[in-house]
Structures are given as C-alpha cells and as structure tokens.
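Colleague:
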RNA sequence: GGCGCGGUGGCCGAGUGGCUAGGCACCGGACUGCAAAUCCGUUUAUCCCGGUUCGAUUCCGGGCCGCGCCUCCA
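In our numbering, the protein residues as written are 101 to 554.
1) On the premise that residue 496 lies in contact with residue 431, defined as a C-beta separation below 8 angstroms, what is that separation, rounded to the nearest angstrom?
2) Count the other C-beta atoms from every protein chain shown that fall within 10 angstroms of the C-beta of residue 247, then say buried if there are 16 or more, exposed otherwise.
3) Classify residue 317 as helix, strand or coil using the three-state DSSP reduction.
4) Tell me the residue span of the beta strand (DSSP E) that contains residue 359.
5) Any chance the stretch 119-128 sits against the stretch 466-481, with 3 or more Cβ pairs inside 8 angstroms?
6) Report the three-state DSSP secondary structure of residue 107 (helix, strand or coil).
7) As an exercise, report each continuous alpha helix (DSSP H) stretch of at least 4 residues that is fully enclosed by the stretch 199-271, in chain order.
8) Of the choices 501, 516, 312, whose alpha-carbon is the least far from that of residue 393?
9) Locate the beta strand (DSSP E) running through residue 288, then write down its first and last residues.
10) CA-CA distance, residue 423 and residue 298?
11) Considering only their Cβ atoms, is the gap separating residue 283 from residue 339 smaller than 7 angstroms?
12) According to the neighbour-count rule (16 or more other Cβ atoms, all chains shown, within 10 Å of its Cβ), is residue 427 buried or exposed?
13) Along the chain, where does the alpha helix (DSSP H) containing residue 126 start, and where does it finish?
14) Can you list, in chain order, the residues of its chain whose CB lies under 8 angstroms from that of residue 310, leaving out five sequence neighbours each side?
15) Beta-carbon separation of residue 166 and residue 212 under 7 angstroms?
16) Check for me: the alpha helix (DSSP H) holding residue 394 runs from which residue to which?
17) Helix, strand or coil, according to DSSP, for residue 519 in the structure here?
18) Using only the alpha-carbon positions, how far apart do residue 181 and residue 188 sit?
19) Residue 124 and residue 150: beta carbons closer than 7 angstroms?
20) Given a cut-off of 7 angstroms, decide if residue 315 and residue 343 are closer than it, judged by their beta-carbon atoms.
21) Beta carbon of residue 380, beta carbon of residue 406: below 7 angstroms?
22) Under three-state DSSP, which class holds residue 428?
23) With DSSP as the reference, label residue 114 as helix, strand or coil.
24) Could you tell me the alpha carbon to alpha carbon distance between residue 241 and residue 301, rounded to whole angstroms?
25) Output the residue ranges of the alpha helix (DSSP H) runs that lie fully inside the stretch 147-191 and measure 4 residues or longer, sorted by chain position.
26) Given this structure, state the Cα-to-Cα distance separating residue 357 from residue 479, to the nearest angstrom.
27) Look up residue 335 in the DSSP assignment and say whether it is helix, strand or coil.
28) Under 7 angstroms Cβ to Cβ from residue 229, same chain only, skipping five residues before and after it: list those, please.
29) Using 10 angstroms around the beta-carbon of residue 251, count the other beta-carbons present and answer buried if the total reaches 16, otherwise exposed.
30) By how many angstroms is the C-alpha of residue 143 removed from the C-alpha of residue 445?
31) When we look at the beta-carbon of residue 396 and count the other beta-carbons within 10 Å, is it buried (16 or more) or exposed?
32) Go ahead and pull the three-state DSSP assignment for residue 293.
33) Does the Cβ of residue 192 have 16 or more other Cβ atoms within 10 Å, making it buried, or fewer, making it exposed?
34) Measuring alpha carbon to alpha carbon, tell me which of 178, 255, 286 ends up nearest residue 237.
35) Determine the DSSP secondary structure at residue 391, reduced to helix, strand or coil.
36) Can you tell me where the beta strand (DSSP E) with residue 323 in it begins and where it stops?
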C-alpha cells in the first residue's frame, strides 16, 4: 500500500511518489503575521502536520523537508503596526511568537524551515529580473507585472480561463496593466512604508512571489508536494505556478514545479466560512485561555476528513475532549510504552487520502476497547498510532490533574482511609466536597484516581 | 455571470454496485457500599425525480437546497 492523495491539479487521487525518497520535499503556505491565528488558520497546520508525520514514518525522520513560510511583508501588517504605533518588526516578531506558541499547543511539529519574506527579498528580486528577461514580466508605472498571456498553461490549477476571469472580475483593473489578468510582482513603496532597493526603484514584493522564491531556494525548482487552504488555489497558487514555471525556463514536463497539490477545506461556523472579514472566528488563543486543551482542538479538527468542510461548534470540541478523556483514562490504568506496532488498517486509512476519521473511529477506538479489556500490547499500539496523529503523547496523570494539587491529594487520602474503615458517610462527605471543586473520583482495584471534570 | 464542492440515522462521520463502518448521545442491564470508569444489549439513514443495472446510498442526467472561489483570506 502506498500513499494516495487527492491532487487539485487532476482532481483525482494520485499515488504519492517523491522524486527522491531520501529527500521528500513539501511546501505549505504559512501565516501572515499581523494577528492571532484562528481555528481556520490552524486547520492546514494540523492537517499537514499529520501528513508530515506520516511521511517521516514512511521515509524516515530525517528524510522529509517541510517548508512553511512566514509572510512578514504585507499591507495588513503595515496597517496594524501603524494602528498600534509599533515598529513593524516588533509586531511581526510578537505575532510569530504567538503563532508558534499556539501551534505548539495544538501538537504541531515545527517545520524544517520557516523562511520569512523579509529574509528572501534578494531572491525575489533576482527571480523578477529573470521573468522580465524571459519576456514573462514587464515594468509599468513603477510596478513590475507578470504577463499572464505569456504563459499558455495559466489557469490549469483553478480550471478557469482568462476570459472568464475577466468577465467575472469584481474589481477595477489598474490602468498600467497590459492585460486585465496580469498581477503584481513588485510595487513601489511610498515614504513610511517598508521598501527595498531594486532595479525598479524602492519598493516591495507582491504577495505571490515570496513563495516562488522561497521554494526555489530551499527545495529547488521541483519538489514533491505543495499544500494550503482551498482559498489559495486562486489566485495565489495559480500565480505561483506561473511565476515559478516561467522563471525556471517554461513548461517542460507535466510535473514541473510541485508534483502534488493538496488543499484542505474550510472551518465553518454556522454554515459559513470562518474568516477574519466575517468576524465569526475563534482564535486558538482564546480557546486555550478558556481551558480547552490544544489536543482537544486538534482532535476536533482531525475527526473530519481534511477536504470536507468542518462546522466547528463547542459541542464538537467538548466531544473531542471527552474522547481524549477516555483514551487517557485507559492509558492511565494501563500505561503504554513507546515503540508499539501500528495496526495495518490504521496506516492504510491514512494512506487513503489521509482518512483521519476512519483512522480514529475505527482503529484508535478499537485499540481503546482492547486496552480496556486488558489486551497485552494494546496500549503500546495506541500510543504508536497516536504519535502519527500527534495525539495521546502526554502523561495521562498530567492530562487529568493539570499541575496537580497537594490539598486534593490529602483529601483523597483521607477518603481512602474512611472507606477502609467502612465509614461511608465520611467518605461520601469528602467526595461531595471534592465534587464542589470540580474533582471527580474513580475507585479502581489499583487505588483511587482523581481528575478535574469538564 | 463564470468555476467548483457538498447534501447519510437525534448529532458527528467514513466506506461501498448487492453482504448497509465507527463514534457520540439516549435507553435498558452488569459491575460498584454509593459513584466514577468499564463491559453487554437495544434503537434510528443514505435530499427529490428519472436513467443504466438482475440489483444504487454508491454510476449517469436533471432538479432542489447549502457552501465556497472569482478581492485579502488557511
């Protein structure tokens, strides 16, 4: 069995075949660092983290190179910094640190490389120069624009043609464009806005060029997989293909540039896309501050197939938390060890276009039942499968107790003594006392366990 | 207007041309000093209309509904 992934280019499942199994390369579009990430932003992070873990499992930990860029040149950043009266670098550093903290809480591994746009301006300028020299771009009115008619394959990813796009355009076409579909590679920066010196004057790059320059620098002209949210297909990824392919000398083979294009569906709220502009978003940070474990958010995301829309509700998150309570409860009573064997069906489910719901509901749950029935090795298998999904790796005691509390332990001990003396009135009094503090007790043959409810 | 995605039982959510996952919730039972946890059992479905087929939830066509992209967007 080999990994099969739905490819946006062909709109079909395709077998995943890296060019070089010794160096599997993936690129995923990362955050624009001007504000906290919401759950919609977190979905691709979690989805591609599972893919990253699966590929590391298949090809070896050191054999997978995962690049996720950080966009720190952007007009929204400029506006936010101005509004805060804060230097741009301070804003982007602070936002990136928050992003890291939040994504860490979701159990996402750090990518191999996290290039920042500000560190790649020179490669971007060089690439733009090549595009001009090749006749794929032109300078006009202080801007450099990509000439869409110069690239015959334009539109193949999003399956739209130029004429349709122009007919349906909802924005005015800038007067300096030769063709209405042309897009900006470089634009002038007025005073007070970040700018870099270039052959076309002081300016800043357009949105799309950073990914082309970064992927080329860090992964080479061709790599194995390019991912991101559904909303990036057009125009971002379409334009990226045009820039990269033309900068690399034009279309040579069908699999030029990225070989597989993988896009995740949206997080929805009440049937609508979660987005900053609609204002219907929950930041990861606010959920964490409410006391929801990051792992519960992660599981809530993974219980839906990555290409399906996911309607996120409090109930969903609570259900994921309850699932984890069961898993950790079982692991608490029967601790597993690292190095367990993965169930074959589990890997097969993930290799079937990352079918995480099947992997969880079928295989993880089956092993959970086996752990509860005392089957040898079941907890080990559960831990091993959890590691591929980025779940169940915490200490079960810590999951239930948080930082712990000596006063609770003392009360629990007092109740154990009362029970031993068959003083059930006192035992129940203590249990009630603890329940008022949100502590739930569990008497087991091995002793009394406690956990925080909710 | 153009392009695209989806509609499964109370809820979530997969697979599959016939043998119809799984989870959650609910209900009943076992276990327990009482609980908790766990285990056992029960229940409910494939948007509508045609077509192909011996047979469709699954394939094809049409319709209805919801959503998305075409502007920044994960």
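All C-beta atoms in this analysis are idealised placements derived from N, C-alpha and C, irrespective of residue type, glycine included.
Modeller: In short:
1) To locate residue 431, count along the first chain from 1; it is residue 331. To locate residue 496, count along the first chain from 1; it is residue 396. Contact flag correct, Cβ pair sits at about 5 angstroms.
2) As a working mapping, residue 247 is identified with position 147 in the first chain. Burial call: buried.
3) Counting from 1 along the first chain, the entry for residue 317 is found at position 217. Note: residue 317 maps to helix in three-state DSSP.
4) Taking the first chain and counting its residues from 1, the one referred to as residue 359 is at position 259. Start and end: 358-364.
5) By the criterion of at least three beta-carbon pairs nearer than 8 angstroms, the stretch 119-128 is not in contact with the stretch 466-481.
6) Against the first chain, residue 107 aligns to sequence position 7. The three-state secondary structure of residue 107, taken from DSSP, is strand.
7) 221-233, 262-267
8) For the purposes of this step, residue 393 is identified with residue 293 of the first chain, where counting begins at 1. It is 501.
9) Position 188 of the first chain, counting from 1, holds the residue named residue 288. Note, residue 288: beta strand (DSSP E), 283-288.
10) Here residue 423 refers to the residue found at position 323 of the first chain. Here residue 298 refers to the residue found at position 198 of the first chain. Residue 423 and residue 298: Cα-Cα distance of roughly 55 angstroms.
11) One-based indexing of the first chain puts residue 339 at position 239. One-based indexing of the first chain puts residue 283 at position 183. Yes, these two residues count as a Cβ contact at 7 angstroms.
12) Taking the first chain and counting its residues from 1, one reaches residue 427 at position 327. Answer is buried; the Cβ neighbour count reaches 16.
13) Stepping through the first chain from its first residue, residue 126 is reached at position 26. From DSSP, residue 126 is part of no alpha helix (DSSP H) but of the beta strand (DSSP E) over 124-128.
14) Here residue 310 refers to the residue found at position 210 of the first chain. Around residue 310: 169, 171, 173, 217, 220, 224.
15) Residue mapping note: residue 166 aligns to position 66 of the first chain, counting from 1. Residue mapping note: residue 212 aligns to position 112 of the first chain, counting from 1. Contact flag set, yes.
16) Here residue 394 refers to the residue found at position 294 when the first chain is read from its first residue. 394-402 is the span of the alpha helix (DSSP H), which, as asked, contains residue 394.
17) For this step, residue 519 is matched to residue 419 along the first chain. Helix at residue 519.
18) Within the first chain, numbered from 1, the residue matching residue 181 stands at position 81. Within the first chain, numbered from 1, the residue matching residue 188 stands at position 88. Rounded to the nearest angstrom, the two C-alpha atoms are 5 angstroms apart.
19) Taking the first residue of the first chain as 1, we reach residue 124 at position 24. Taking the first residue of the first chain as 1, we reach residue 150 at position 50. No, the Cβ-Cβ distance between residue 124 and residue 150 is not below 7 angstroms.
20) Translated into positions along the first chain, residue 343 becomes position 243. Translated into positions along the first chain, residue 315 becomes position 215. Contact: no.
21) For the purposes of this step, residue 380 is taken as residue 280 along the first chain, with counting starting at 1. For the purposes of this step, residue 406 is taken as residue 306 along the first chain, with counting starting at 1. No, the Cβ-Cβ distance between residue 380 and residue 406 is not below 7 angstroms.
22) In the first chain, the residue the question calls residue 428 occupies position 328. DSSP places residue 428 in helix when its eight states are reduced to three.
23) Reading the first chain from its first residue, position 14 is the one you call residue 114. Strand, per DSSP.
24) For the purposes of this step, residue 241 is identified with residue 141 of the first chain, where counting begins at 1. For the purposes of this step, residue 301 is identified with residue 201 of the first chain, where counting begins at 1. Those two C-alpha atoms are separated by around 11 angstroms.
25) 175-184
26) Your numbering for residue 357 matches position 257 in the first chain. Your numbering for residue 479 matches position 379 in the first chain. So the two alpha carbons sit approximately 42 angstroms from each other.
27) Residue numbering aside, residue 335 sits at position 235 when the first chain is read from its first letter. Residue 335: helix per DSSP, three-state reduction.
28) Here residue 229 refers to the residue found at position 129 when the first chain is read from its first residue. The beta carbon of residue 229 sits closer than 7 angstroms to those of 299, all from its chain and outside the five residues before and after it, given in chain order.
29) As a first step, residue 251 is located in the first chain; it is residue number 151 there, counting from the start. Classification for residue 251: buried.
30) By 1-based counting over the first chain, the position of residue 445 is 345. By 1-based counting over the first chain, the position of residue 143 is 43. Going from the Cα of residue 445 to the Cα of residue 143 covers about 24 angstroms.
31) Counting from one through the first chain, the residue named residue 396 turns up at place 296. That one is buried.
32) If you number the first chain from 1, residue 293 lands on position 193. Coil, per DSSP.
33) Taking the first residue of the first chain as position 1, residue 192 is located at position 92. Label assigned to residue 192: buried.
34) As a working note, residue 237 is residue 137 in the first chain. With distances taken between CA atoms, residue 237 lies nearest to 286 out of 178, 255, 286.
35) Along the first chain, one-based indexing puts residue 391 at 291. Note: residue 391 maps to coil in three-state DSSP.
36) Within the first chain, the letter at position 223 stands for residue 323. Element bounds for residue 323: 323-329.
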